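A.B. asks: If you read the sequences in order, they're chains A and B.
Taking the working numbering, the leading residue of the first sequence gets 1, the next gets one more, and so forth.
Taking the working numbering, the leading residue of the second sequence gets 226, the next gets one more, and so forth.
I have a structure here, written as structure tokens, and I will follow up with some questions on it.
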Amino acid sequence: MNLFAQALAWLGDGTHWQGSSGIPTRVLQHLGITLLTLVIAAAIAWPAGVLVGHTRRGSGMIGAITGGARAIPTLGLLTLFGLWLGIGLSAPVLALVVLAIPSLLAGAYAGIENIDATIPQAAKAIGMTPAQVIRSVELPLALPVIIGGLRSATLQVVATATLAAYTSDTGLGRYLFAGLKTRDYPQMLGGALLVVVLTLVLELVLASCQRLATNRVAHPERNLP
Amino acid sequence: MNWLRLNWTQVVDLTVDHLLLSVPAIVISVLVAVPIGRLAHRRPRWGSPLLGAASLMYAIPALPLLIIIPAVFGTPLRSSATMVIALSIYGVALLVRTAADAFASVDTHTRDAAVAIGCSPRSLLWRVDLPMALPVLLSGIRVVTVSTIGLVTIGALIGVSSLGNLLTDGFQRGIAGEVLTGVVVTVLLALVLDGLLLLAGRLLTPWRVSA
């Protein structure tokens, strides 16, 4: 337990909170790489998932992608992309995008697929175009599940973004790798605790977003007295 | 391919190391998660918070966890014990909810019939609940197995030997063939174990084949 006290002392040291390798900078880098990854992954996965859910075709492919991707070691992708693309941000972001896509895809697909099939049919029957059905019927109803997918993707990405420091000078992972090299265990543990806190904060924020999406967007009728 | 031809003995050794880390972790995960899952199903009042807490463990990032475990359990940082504990924690976190669902999936009529013909609580567990819960349980164990095999590679970063060594070593020496071999062999290993579990499931639940 002495190590925990040392780690807290490391966190409490004011000099670690300043400059280009200070804690605020590293936290912002970590959040930045997470956000960038999620934006790219969502731009690919969400339209594909919504399309498959809407047409209800190709669900076997979704299962194969989400199951197969689980077996790929992220460290392997990271090092492979690192060798091809060199030191820098592109290799970790690309590896993390591959990590994030299955959860986002599964969320978008399952959210729309699980809607009672008669609801989009009714929307079509009152004269809505397919685009309108997706935009004003399916997306609002699927939103809680879509955010659920975003939640697990964020969890994975923010946790795994520590590995980004293996091939680039970015994020909270720096403290872990720097501490590992110099056997500075308080620094490692301090960095580890920062990642855990960041993960839990994001988890809480997204969990309340999911609740909000359920109560305000998908099922506002539940709030009626 | 050329790299693999010259170094295949090393790959075999690392595959064995990889299995020696992942198989104990998978077994421990099952042994811990199944009783918790059953408790959560039978006594939801205690079980639900336990289930939530266990699932939350999955939120702890892998690399930090490998550093926190030595601080908590007193194991050496670069040891297989640290790695097995970390993998077991993730395995339990992934499996508990499926385990609870598995016991919930047991047909209540079958249970009632077993009680009616005089099954003792012990044989009810071993001869009715567990076999009937096995299909759902096994789907969870397959997920744990595949993700554990992938996760073991992280151990290479703290110096615990596994197929992950090919990833870090290949990266540092700039040998793409070595990294690619590491990725492919890891994925193949996961698929083989997944297939074996699928086969074991067919053998253990013969009544489902005819159904």
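Yeah, the Cβ is synthetic: ideal placement off N, Cα and C, and Gly gets one too.
It should be emphasised that the depicted structure is a prediction, and the values quoted were computed from it without experimental measurement.
When you check each C-beta in the region 60-93 of chain A against every C-beta of chain B, which residues fall closer than 9 Å?
C.D. replies: So the close ones are Gly-67, Gly-68, Arg-70, Ala-71, Ile-72, Pro-73, Thr-74, Leu-75, Gly-76, Leu-77, Leu-78, Thr-79, Leu-80, Gly-82, Leu-83, Trp-84.
A.B. asks: With distances taken between CB atoms, is the gap from Leu-382(B) to Thr-393(B) smaller than 8 Å?
C.D. replies: Contact flag set, yes.
A.B. asks: Taking contact to mean at least 3 C-beta pairs separated by less than 8 Å, is the region 400-413 of chain B in contact with the region 102-119 of chain A?
C.D. replies: Output reads no: the region 102-119 of chain A does not touch the region 400-413 of chain B.
A.B. asks: I'd like to check one pair, Ala-192(A) with Ile-294(B): are the Cβ atoms closer than 8 Å?
C.D. replies: In this structure, Ala-192(A) does not lie closer than 8 Å to Ile-294(B) by Cβ.
A.B. asks: Can you give me the C-alpha to C-alpha distance between Thr-34(A) and Gly-60(A), rounded to a whole angstrom?
C.D. replies: Each residue's Cα considered, the two are about 29 Å apart.
A.B. asks: May I have a chain-ordered list of the beta strand (DSSP E) segments no shorter than 3 residues that lie completely inside the region 127-202 of chain A?
C.D. replies: Fully enclosed beta strand (DSSP E) runs of 3 or longer: not present.
A.B. asks: Hey, how far is the Cα of Tyr-166(A) from the Cα of Asn-114(A)?
C.D. replies: Straight-line Cα distance between these residues: approximately 40 Å.
A.B. asks: Which whole-angstrom value describes the C-beta separation of Val-369(B) and Ser-254(B), a residue pair presumed to lie in contact below a C-beta threshold of 8 Å?
C.D. replies: At roughly 6 Å, the Cβ-Cβ gap stays under 8 Å, so Val-369(B) and Ser-254(B) are in contact.
A.B. asks: Relative to the alpha-carbon of Leu-239(B), which residue among Ser-345(B), Leu-391(B), Arg-268(B) has its alpha-carbon at the smallest distance?
C.D. replies: The candidate whose alpha carbon is nearest that of Leu-239(B) is Leu-391(B).
A.B. asks: Taking the Cβ atom as the reference point for each residue, do Leu-38(A) and Val-217(A) lie within a distance shorter than 8 Å?
C.D. replies: In this structure, Val-217(A) does not lie closer than 8 Å to Leu-38(A) by Cβ.
A.B. asks: Measure the C-alpha to C-alpha separation of Arg-367(B) and Gly-19(A) and round it to an integer number of angstroms.
C.D. replies: Going from the Cα of Arg-367(B) to the Cα of Gly-19(A) covers about 46 Å.
A.B. asks: Does any CB atom of chain A fall closer than 8 Å to the CB of Ile-383(B)?
C.D. replies: Answer yes: the Cβ-Cβ gap between Ile-383(B) and chain A drops below 8 Å somewhere.
A.B. asks: If distances are taken between C-alpha atoms only, which option among Thr-160(A), Gln-29(A), Asp-13(A) comes closest to Ile-285(B)?
C.D. replies: Among Thr-160(A), Gln-29(A), Asp-13(A), the Cα nearest to that of Ile-285(B) is on Thr-160(A).
A.B. asks: Could you round the C-beta distance between Pro-289(B) and Val-196(A) to whole angstroms and report it? I think they count as a contact, below 8 Å.
C.D. replies: Confirmed, Cβ separation roughly 6 Å.
A.B. asks: Step through the CB atoms of chain A and report whether any lies within less than 8 Å of the CB of Ile-366(B).
C.D. replies: Output row for Ile-366(B): interface = no.
A.B. asks: How many Å lie between Phe-4(A) and Thr-234(B) at the Cα?
C.D. replies: Straight-line Cα distance between these residues: approximately 41 Å.
A.B. asks: Is there a C-beta anywhere in chain B that falls below 8 Å from the one on Gly-32(A)?
C.D. replies: Cβ-Cβ to chain B under 8 Å: no for Gly-32(A).
A.B. asks: Is the Cβ-Cβ distance between Leu-276(B) and Thr-373(B) less than 8 Å?
C.D. replies: Not a contact, by the Cβ cut-off of 8 Å.
A.B. asks: Using the three-state DSSP reduction, which class does Cys-344(B) fall into: helix, strand or coil?
C.D. replies: The answer is coil: DSSP assigns Cys-344(B) none of H, G, I, E or B.
A.B. asks: Ile-379(B) versus chain A: which residues are under 9 Å apart at the beta carbon?
C.D. replies: Within chain A, the residues near Ile-379(B) are Pro-73, Thr-74, Leu-75, Leu-163.
A.B. asks: At a CB distance below 8 Å, what residues from the region 183-206 of chain A approach chain B? Give them in sequence order.
C.D. replies: For the region 183-206 of chain A, which is checked against every Cβ of chain B, the residues closer than 8 Å are Tyr-185, Met-188, Leu-189, Gly-191, Ala-192, Leu-193, Val-195, Val-196, Thr-199, Leu-200, Glu-203.
A.B. asks: Going along chain B, which residues have a C-beta under 9 Å from Leu-99(A)?
C.D. replies: Chain B residues near Leu-99(A): none, gap ~10 Å exceeds 9 Å.
A.B. asks: For Arg-267(B) and Leu-422(B), what's the separation of their Cα atoms in angstroms?
C.D. replies: In a straight line, the C-alpha of Arg-267(B) is about 27 Å away from that of Leu-422(B).
A.B. asks: Leaving aside the five residues before and after Thr-430(B) along the sequence, list all residues of the same chain whose C-beta is less than 8 Å from its C-beta, in chain order.
C.D. replies: These residues qualify, in order along the chain: Pro-356, Leu-359, Pro-360.
A.B. asks: What first and last residue would you give for the alpha helix (DSSP H) that runs through Arg-270(B)?
C.D. replies: Element bounds for Arg-270(B): 269-281.
A.B. asks: Under the rule that 16 or more other beta-carbon atoms within 10 Å means buried, what is Thr-378(B), buried or exposed?
C.D. replies: Label assigned to Thr-378(B): buried.
A.B. asks: Could one say the Cβ of Leu-105(A) lies closer than 8 Å to chain B's Cβ atoms, at least one of them?
C.D. replies: So, not an interface residue.
A.B. asks: Closer than 7 Å by beta-carbon distance: list the chain A residues that pair up with Ala-415(B), in chain order.
C.D. replies: Per Cβ cutoff of 7 Å: Ala-71.
A.B. asks: Near Gly-438(B), what residues of its chain come up, given a Cβ to Cβ distance below 6 Å and the 5 sequence neighbours on each side ignored?
C.D. replies: This structure cannot speak to residue 438(B), because chain B is shown only from 226 to 436.
A.B. asks: Is Thr-307(B) buried or exposed, if buried means 16 or more other CB atoms sit within 10 Å of its CB?
C.D. replies: Buried, by the Cβ-count rule.
A.B. asks: Under the rule that 16 or more other beta-carbon atoms within 10 Å means buried, what is Gln-187(A), buried or exposed?
C.D. replies: Gln-187(A) comes out buried.
A.B. asks: Where do the ends of the alpha helix (DSSP H) carrying Val-297(B) lie?
C.D. replies: It spans 287-298 - the alpha helix (DSSP H) in which Val-297(B) sits, taken as one unbroken run.
A.B. asks: According to DSSP, is Pro-431(B) part of a helix, a strand, or is it coil?
C.D. replies: It is coil, neither helix nor strand.
A.B. asks: Drop a sphere of 10 angstroms on the beta-carbon of Asp-242(B), count the other beta-carbons inside from all chains shown, and report buried for 16 or more, exposed for fewer.
C.D. replies: With 16 or more Cβ atoms within 10 Å of its Cβ, Asp-242(B) is classed as buried.
A.B. asks: Write down the C-beta distance between Ala-339(B) and Val-353(B) rounded to the nearest angstrom, noting that I regard them as a contact closer than 8 Å.
C.D. replies: Their Cβ separation, rounded to whole angstroms, is 5 Å, which keeps Ala-339(B) and Val-353(B) in contact under 8 Å.
A.B. asks: So, is the C-beta of Leu-176(A) closer than 8 Å to a C-beta in chain B?
C.D. replies: It does: the Cβ of Leu-176(A) has a partner Cβ on chain B nearer than 8 Å.
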